[in-house]
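In what follows, a single structure is set out as structure tokens and then discussed.
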Amino acid sequence: MPDLGLEVLLKGSNIMRLLAGLWVALRISLISVAGSIPIGIILGTLMTGRNIVLKAILKIYLEFIRIMPQLVLLFIVFFGSTRMFGWQPTGEVSAVIVFTLWGAAEMSDLVRGALISIPLHQYESSEALGLSKTQTYWYIIIPQTLRRLIPLSINLITRMIKTTSLILMIGVVEIMKVAQQIIEANRRSSPTAAFGVYLVVFLLYFLACWPISLLAKYLERKWR
Amino acid sequence: MEENILTVEHLRKEYEGNVILDDVNLSVKRGEVVVIIGPSGCGKSTLLRCINALENIQSGTIRLQDEVIEAGAKNLAKIREKIGMVFQNYELFPHLTVIENILLAPVKVQKREKKEVREEAVKLLERVGLKDKAESYPRQLSGGQKQRVAIVRALCMNPEILLFDEVTAALDPEMVREVLDVMLELARQKRTMVIVTHEMQFAQAVADRVLFIDEGKIMEQGTPEELLQHPKTERTKQFLNIFHYEK
Ligand SMILES: Nc1ncnc2c1ncn2[C@@H]1O[C@H](COP(=O)(O)OP(=O)(O)O)[C@@H](O)[C@H]1O
Ligand SMILES: [Mg+2]
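These protein sequence lines map, in sequence, to chains A and B. In terms of my numbering, the first sequence is residues 1 to 224. In terms of my numbering, the second sequence is residues 1 to 247.
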């Protein structure tokens, strides 16, 4: 068996440190998702509305967030906030801000897509049965929208978890950073540890994201 | 008993300046079955949609018994309860089971007792041969089954009048019959109905009166015998000829 340098993981509290790093990544994603969903629902609903100026602004916001590499956004918020607002957010707060802005933009597009994918005749047959506008939304449109939305937003969560691997660049000690630290610290004793350590990181990301994407698939099938 | 359920007077409907329905007059008596035929795009669907106030109209009046039907009217929901409509593309709600689809409006709109409506719904489902489908989702049903459920859903509101818009047009041929049979049965029960269809033999069998609409106008009307067998106008003859095949 080739030497993967896995023994470095057993040294001290290295495994616990990796897990703590994973938790940092998950925590940032979960807080950001929790913020993205309500903002995204509001923005997405506005995007299906009649106000053209508002729609244009939201569209520009969405495109801007999509075009910008997340790393650039992270740098802008982390390094630019002091200059612009005289306030220095921690790396983790910067990450939450960027991920929430990003998540809200993606979410708004998902909400808009889900809303316009409900055929007009669903509104009409509901109204033809005598349901009021509010009842139509409550009993017909919102449940169908949510069913389309939930699997998609779960996929957004896994995308976010994966993207947290960038935040070591603004000094947040998450799982990738911990991995680097472990490798650095053992450079002399186990020079080949990099592969083994990153393999374990890979497995941890996988274990975090896999059940989430299974859940998304399951819901998608169930609510087809 | 000569009570008019539905009265349409001088109805005019335009889309962006194009006249779709022009001075349409129509009255339907209690228990009467009126069948509307006419070429595609002549305004049949639009007429039914106007009757249900899914479209606003430019002039004229539409009344259900004594109440004026208008898009945006305050009592619109109340009036719509009395108009059952079945569309061409089975518009069931995909996230609800068959029985939930049927119970929604009677329970939420008419505020009727769920248990009582459920009993009625199950009886009606049984009559259309779908009792065992009550807990199925629409996606598990064939087109013909969906249309029968849509009919039951409309019936459970105890409407004064039923509107059918080409309800068999999107069906595979072998499913057309099962849906038409349900409608024939409703006619036998003396339900008031306005039916848009391209099934001429069915029209012959079910109608008390047939209307031929062309280019937004009622061109000719009469008993099925008069209109379908001995049409008077050239246009009607031409149209009916489409349905004849001779060697
Ligand atoms: N929403 C709409 N906007 C503009 N024109 C429409 C609309 N709906 C229908 N029309 C037009 O109205 C005419 C009548 O349509 P319709 O009532 O659907 O005909 P039919 O049901 O007899 O086939 C057609 O020429 C159609 O193009
Ligand atoms: Mg039509």
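All residues carry an ideal CB built from backbone N, CA and C; glycine is no exception.
Given this structure, state the Cα-to-Cα distance separating residue 11/B from residue 218/B, to the nearest angstrom.
Reading the second sequence from its first residue, position 11 is the one you call residue 11/B. Reading the second sequence from its first residue, position 218 is the one you call residue 218/B. So the alpha carbons of these two residues sit roughly 11 Å apart.
### Task
Tell me whether the beta-carbon of residue 64/B lies closer than 8 Å to the beta-carbon of residue 5/B.
Stepping through the second sequence from its first residue, residue 64/B is reached at position 64. Stepping through the second sequence from its first residue, residue 5/B is reached at position 5. Yes, these two residues count as a Cβ contact at 8 Å.
Checklist entry - In this structure, does DSSP put residue 100/A in helix, strand or coil? => result For the purposes of this step, residue 100/A is identified with residue 100 of the first sequence, where counting begins at 1. Helix, per DSSP.
**Item:** One or two residues paired with residue 3/A in a DSSP bridge
**Value:** Along the first sequence, read from residue 1 onward, the residue named residue 3/A stands at position 3. Within the DSSP secondary-structure output, residue 3/A pairs in no beta bridge.
DSSP puts residue 174/B in a beta bridge; with which residues?
-> Here residue 174/B is taken as the residue at index 174 of the second sequence, counted from 1. Residue pairing by DSSP leaves residue 174/B without any beta bridge partner.
Margin query: Counting only Cβ pairs nearer than 9 Å, list the residues of chain E close to residue 109/B.
Written below: Within the model displayed, chain E is absent; protein chains A and B are what it includes.
**Message:** Nearest by alpha-carbon distance to residue 115/A: which of 15/A, 100/A, 142/A, 30/A is it?
**Reply:** Taking the first residue of the first sequence as 1, we reach residue 115/A at position 115. Among 15/A, 100/A, 142/A, 30/A, the Cα nearest to that of residue 115/A is on 142/A.
- Chain-ordered chain A contacts of residue 89/B [CB-CB under 8 Å]: Reading the second sequence from its first residue, position 89 is the one you call residue 89/B. Neighbours of residue 89/B on chain A, chain order: 121.
Item checked: Chain-ordered chain A contacts of residue 191/B [CB-CB under 9 Å] -> Reading the second sequence from its first residue, position 191 is the one you call residue 191/B. Neighbours of residue 191/B on chain A: none; closest Cβ ~17 Å, over 9 Å.
*Going by DSSP, name the residue or residues bridged to residue 220/B.*
Here residue 220/B is taken as the residue at index 220 of the second sequence, counted from 1. Note: residue 220/B is bridge-paired with 212/B in the DSSP secondary-structure output.
Between which residues of its own chain and residue 31/B is the CB-CB distance below 8 Å, once the five residues before and five after are set aside?
Your numbering for residue 31/B matches position 31 in the second sequence. Closer than 8 Å at Cβ, skipping near neighbours: 1, 190, 191, 192.
Cα-Cα, which of 240/B, 214/B, 196/B is closest to residue 226/B?
The count along the second sequence starts at 1 and reaches residue 226/B at position 226. Closest by alpha carbon: 240/B.
* To do: Enumerate in chain order the residues of its own chain whose CB-to-CB distance from residue 135/B is below 6 Å, with the five nearest sequence positions on each side excluded.
  => Here residue 135/B refers to the residue found at position 135 when the second sequence is read from its first residue. Excluding residues within five positions, the ones whose Cβ falls inside 6 Å are 97.
- Query: Would the beta-carbon of residue 55/B be found less than 7 Å away from any heavy atom of ligand 2?
  - Reply: For this step, residue 55/B is matched to residue 55 along the second sequence. No; taking the cut-off as 7 Å, the Cβ of residue 55/B has no heavy atom of ligand 2 nearer than that.
### Message
Let's test the definition: count the other Cβ atoms within 10 Å of the Cβ of residue 207/A and tell me whether it reaches 16, buried, or not, exposed.
### Response
Position 207 of the first sequence, counted from the start, is the residue given in the question as residue 207/A. Exposed.
### Message
I'd like to know if residue 288/B contacts chain A, where contact means its C-beta is closer than 8 Å to some C-beta of that chain.
### Response
Residue numbering for chain B in the displayed model covers 1 to 247; residue 288/B lies beyond these limits and cannot be assessed.
| field | Backbone secondary structure at residue 8/B - three-state DSSP | value | In the second sequence, residue 8/B corresponds to position 8, counting from 1. It is a strand residue.
Opposing strand residues paired with residue 18/B [DSSP bridges] | As a working mapping, residue 18/B is identified with position 18 in the second sequence. Beta-bridge pairing links residue 18/B to 15/B.
key: Test item, CB below 5 Å from any non-hydrogen atom of ligand 1   = Sorted by position in the chain, 15/B, 20/B, 40/B, 41/B, 42/B, 43/B, 44/B, 45/B, 46/B make up the residues whose C-beta lies under 5 Å from a heavy atom of ligand 1.
Query - Interface positions of the segment 33 to 57 of chain B facing chain A (Cβ-Cβ less than 9 Å), listed along the chain - result: 49, 52, 53, 54
Go through the segment 155 to 223 of chain A residue by residue and report every complete run of the beta strand (DSSP E) that reaches 3 residues or more, in order.
none
>> Per the DSSP calculation, residue 22/A is bridged to which residue(s)?
In response: As a working mapping, residue 22/A is identified with position 22 in the first sequence. DSSP, once it has assigned bridges, lists no residue as partnering residue 22/A.
Checking 8 Å against the spacing of the C-beta atoms, do residue 4/A and residue 195/A come in under that value?
Within the first sequence, numbered from 1, the residue matching residue 4/A stands at position 4. Within the first sequence, numbered from 1, the residue matching residue 195/A stands at position 195. Going by C-beta atoms, residue 4/A is nearer than 8 Å to residue 195/A.
Q: Kindly indicate the opening and closing residues of the alpha helix (DSSP H) around residue 200/B.
A: Taking the second sequence and counting its residues from 1, the one referred to as residue 200/B is at position 200. It spans 200 to 206 - the alpha helix (DSSP H) in which residue 200/B sits, taken as one unbroken run.
- Query: When DSSP labels each residue in this structure, what does residue 59/B get in the three-state scheme?
  - Reply: One-based indexing of the second sequence puts residue 59/B at position 59. Residue 59/B: strand per DSSP, three-state reduction.
| query | Which same chain residues, not among the five before or five after residue 20/B, have their C-beta less than 6 Å away from its C-beta? | reply | Numbered from its first residue, the second sequence carries residue 20/B at position 20. Excluding positions up to five away in sequence, the list reads 13, 43, 46, 216.
Quick one: what's residue 225/B bridged to in DSSP? Here residue 225/B corresponds to residue number 225 of the second sequence, with the count starting at 1. DSSP lists no bridge partner for residue 225/B.
* Asked: Sorted by chain position, which residues of the same chain lie with C-beta nearer than 6 Å to residue 85/B's C-beta, five sequence neighbours on each side aside?
  -> Translated into the one-based positions of the second sequence, residue 85/B becomes position 85. Closer than 6 Å at the Cβ level, and outside the excluded window around residue 85/B, lie 52, 163.
Any heavy atom of ligand 2 inside 7 Å of the beta-carbon of residue 165/B? For the purposes of this step, residue 165/B is identified with residue 165 of the second sequence, where counting begins at 1. Yes, ligand 2 has a heavy atom inside 7 Å of this Cβ.
- Item | Classification of residue 245/B by the beta-carbon crowding that lies within 10 angstroms, buried from 16 upward | Mapped onto the second sequence, residue 245/B falls at position 245. Residue 245/B sits exposed, since fewer than 16 C-beta atoms from the chains shown fall within 10 Å of its C-beta.
Continuous alpha helix (DSSP H) assignments of at least 4 residues falling wholly in the segment 41 to 76 of chain A: Counting only runs of 4 or more, we get 52 to 67.
Notebook entry, point to check: What are the boundary residues of the beta strand (DSSP E) that residue 162/B is part of?
Noted result: Taking the second sequence and counting its residues from 1, the one referred to as residue 162/B is at position 162. Its beta strand (DSSP E) spans residues 161 to 165.
task: Identify the contact partners of residue 157/B in chain A, using a Cβ-Cβ distance below 9 Å as the criterion.
output: As a first step, residue 157/B must be located in the second sequence, where it is residue number 157. Going along chain A in sequence order, the residues near residue 157/B (Cβ under 9 Å) are 129, 130.
Could you check the C-alpha separation between residue 202/A and residue 39/A for me, to the nearest Å?
The residue labelled residue 202/A in the question sits at position 202 within the first sequence. The residue labelled residue 39/A in the question sits at position 39 within the first sequence. So the two alpha carbons sit approximately 31 Å from each other.
Exposure label - residue 93/B; buried when at least 16 CB within 10 Å:
Your numbering for residue 93/B matches position 93 in the second sequence. Counting Cβ neighbours within 10 Å, residue 93/B comes out buried, since at least 16 surround it.
What does the alpha-carbon distance come out to for the pair residue 133/A and residue 111/B?
Counting from one through the first sequence, the residue named residue 133/A turns up at place 133. Counting from one through the second sequence, the residue named residue 111/B turns up at place 111. Straight-line Cα distance between these residues: approximately 17 Å.
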